[in-house]
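Asks:
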Amino acid sequence: EKQKLVIYSVIGGLCLLSGFSFLLFKRFRITQRQKAIIEKQKLIVDEKNKDITDSIRYAKRIQDAILPSEESIRALLPDCFVLYKPKDIVSGDLYWVEQWGNKVFFAAVDCTGHGVPGAFMSIVAHNLLNEALLEQGIDRPALILNAMNKKLSRILKQRPDAKVRDGMDIALCAVDRKTLLLEFAGAYNPVWIVGKESREVLEIQGDKQPVGHFTEGELKLFTHREVQLKPGDCVYVFSDGYADQFGGEDGKKFKSRRLRESLASIADLPLREQKQSLEATFESWKGRLEQIDDVCVMGARF
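When you line the sequence shown up against this note's numbering, it's residues 1107 to 1408, in that order.
Printed below as a string of structure tokens:
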């Protein structure tokens, strides 16, 4: 009887072991299949991400192509700098420089959003600026913004039910190289002028509306402003990315007041050194925090 009990126990144990092994093997096969599915999905996702990244990098090539080269900028503004730091691969900020007659036009444009959506809008902004100045011959900043506003509002309001609220903030200047008369119009963004002698910052504010503003079928006109520059004066236009950056000991925004003070303190330096100083200040302030927006600061001495 004991021998039978042992045999039955061994047989039962083997059956249990076989069943357990079978369950383990089945679980292993399921796990392997799931792993294969996950790896296949990962490959698909990686390929999709690569395609998206490649497309964005190609978009960057297009965006880089429309930005004025350093040589073309210096041909029109010999003493200048551009601090341009996209948050992502492509940027919603744009700097623009052109000539019409004796006037040199330059602008810092901050489009809605950053990354790919902002980059699309920046290309639209570039085309609208070129169309207004180079094709239509509109040579006053306020009239250029009016033309851009009308065209962009029409583009973004093609359907009665459209609810697009995209647009752009711009600081647009034109300086007559013979008389040094500065003409300015702004959509939210101002222009700052630091006098060579006074070292004080003169702020000319823009209108409190973006380009692309549309209210009940009416477009508000932008305001024309003029300032007589003196030789050696520095002029600055910018987006809000620099001032809005979080950082410092308390993780707070840099704010326009600090930017204003920084520019006033370095305005007597060569423009190349001004750019280096602004970039070092920005990186020091940001520290290990993430850059929150595109950055564009443009300065020129006349």
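Idealized CB from N, CA, C, for every residue including glycine.
Report the rounded CA-to-CA distance for Ala1291 versus Asp1313, giving the unit in angstroms.
Replies: Those two C-alpha atoms are separated by around 8 Å.
Asks: When burial is assigned at 16 or more other CB atoms within 10 Å of the CB, is Leu1240 buried or exposed?
Replies: With fewer than 16 Cβ atoms within 10 Å of its Cβ, Leu1240 is classed as exposed.
Asks: Which same chain residues end up closer than 7 Å to Ile1162 when comparing Cβ atoms and leaving out the 5 residues on each side of it in sequence?
Replies: If we look at Ile1162 and ignore the five residues flanking it on each side, its Cβ neighbours are Ile1195, Val1196 and Val1222.
Asks: Once DSSP output is grouped into helix, strand and coil, what is the label at Arg1407?
Replies: Three-state result, Arg1407: strand.
Asks: Can you give the Cα-Cα distance for Ala1253 and Gln1140, rounded to whole angstroms?
Replies: Ala1253 and Gln1140: Cα-Cα distance of roughly 59 Å.
Asks: When we look at the beta-carbon of Ile1276 and count the other beta-carbons within 10 Å, is it buried (16 or more) or exposed?
Replies: Flag for Ile1276 reads buried.
Asks: Given this structure, state the Cα-to-Cα distance separating Thr1387 from Ala1280, to the nearest angstrom.
Replies: Those two C-alpha atoms are separated by around 29 Å.
Asks: Buried or exposed for Gly1118, please, with buried defined as at least 16 other CB atoms from any protein chain shown within 10 angstroms of its CB.
Replies: Exposed, because fewer than 16 other Cβ atoms sit within 10 Å of the Cβ of Gly1118.
Asks: If you draw a straight line from the C-alpha of His1232 to the C-alpha of Ser1304, how long is it?
Replies: Spanning the two alpha carbons is a distance of roughly 35 Å.
Asks: Taking only three categories from DSSP, how would you classify Tyr1294?
Replies: Coil.
Asks: By the three-class DSSP mapping on this structure, what secondary structure does Arg1246 have?
Replies: Three-state result, Arg1246: coil.
Asks: Could you pull out every residue in the same chain whose Cβ sits closer than 7 Å to the Cβ of Phe1126, ignoring the five residues on either side in sequence?
Replies: Around Phe1126: no qualifying Cβ.
Asks: Using CA atoms only, rank isn't needed, just tell me which of Leu1235, Lys1302, Leu1200 and Ile1244 is closest to Asp1346.
Replies: Per the Cα distances, Leu1200.
Asks: Once you ignore the five residues that flank Val1343 on each side, which residues in its own chain have a CB closer than 6 Å to its CB?
Replies: Cβ within range, chain order: Ala1214, Ala1277, Val1297 and Met1404.
Asks: With DSSP as the reference, label Val1196 as helix, strand or coil.
Replies: Three-state DSSP puts Val1196 in coil, outside helix and strand.
Asks: Only counting the same chain, and skipping five residues up and downstream in sequence, which positions put a Cβ closer than 8 Å to that of Ser1106?
Replies: The structure shown does not extend to residue 1106, since the chain spans only 1107 to 1408, so no value can be given for it.
Asks: Express the C-alpha separation of Asn1236 and Leu1375 in angstroms, rounding to a whole number.
Replies: Cα to Cα, Leu1375 sits roughly 32 Å from Asn1236.
Asks: Taking 8 Å as the threshold (C-beta atoms), are Val1317 and Leu1412 in contact?
Replies: Since the first residue shown for the chain is 1107 and the last is 1408, residue 1412 is missing from the structure and cannot be characterised.
Asks: Rounded to a whole number of angstroms, what is the C-alpha to C-alpha distance between Ala1336 and Asp1185?
Replies: Note that residue 1336 corresponds to Lys in the displayed sequence, not to Ala. Approximately 15 Å between the Cα atoms of the pair.
Asks: Name the residue from Ala1248, Leu1369 and Leu1365 whose alpha carbon lies nearest to the alpha carbon of Lys1326.
Replies: With distances taken between Cα atoms, Lys1326 lies closest to Ala1248.
Asks: Please work out which residues of its chain come closer than 7 Å, Cβ to Cβ, to Leu1111, disregarding the five sequence neighbours upstream and downstream, and give them in chain order.
Replies: Same-chain partners within the cutoff: there are none.
Asks: Which runs of the beta strand (DSSP E) spanning at least 3 residues fall entirely within the stretch 1272–1353, listed in chain order?
Replies: If we require 3 residues or more, the beta strand (DSSP E) runs fully inside the stretch 1272–1353 come out as 1274–1282, 1287–1293, 1297–1300, 1307–1310, 1331–1334 and 1340–1344.
Asks: Please list, in chain order, all residues of the same chain as Leu1384 whose beta carbon is under 7 Å from its beta carbon, the five residues on each side excluded.
Replies: Cβ within range, chain order: Leu1189, Ser1368 and Val1403.
Asks: Short check: CB of Lys1284 to CB of Gly1338, under 8 Å?
Replies: No.
Asks: Would the C-beta of Leu1234 count as close to the ligand MN, meaning under 7 Å from any of its heavy atoms?
Replies: The ligand content of the structure shown is nil, which means the ligand MN is not present either.
Asks: Which partner residues does Phe1211 have in the DSSP bridge list?
Replies: Bridge partners of Phe1211: Glu1204 and Ala1280.
Asks: Identify which residue in Leu1183, Phe1352 and Glu1355 has its Cα closest to the Cα of Leu1377.
Replies: If we check each option's Cα against that of Leu1377, Leu1183 comes out closest.
Asks: What residue does the alpha helix (DSSP H) around Phe1226 start on, and which one ends it?
Replies: Residues Gly1221 to Asn1236.
Asks: Suppose contacts are defined by Cβ-Cβ distances below 8 Å. Is Lys1457 in contact with Gln1351 by that definition?
Replies: Outside the modelled stretch of the chain, which goes from 1107 to 1408, sits residue 1457, for which no answer is possible.
Asks: Taking the alpha helix (DSSP H) that Phe1388 falls in, what are its first and last residues?
Replies: Per DSSP, Phe1388 belongs to the alpha helix (DSSP H) from Leu1377 to Lys1392.
Asks: When you compare only the Cα positions, how much space is there between Val1341 and Asp1216?
Replies: C-alpha separation (whole angstroms): 18 Å.
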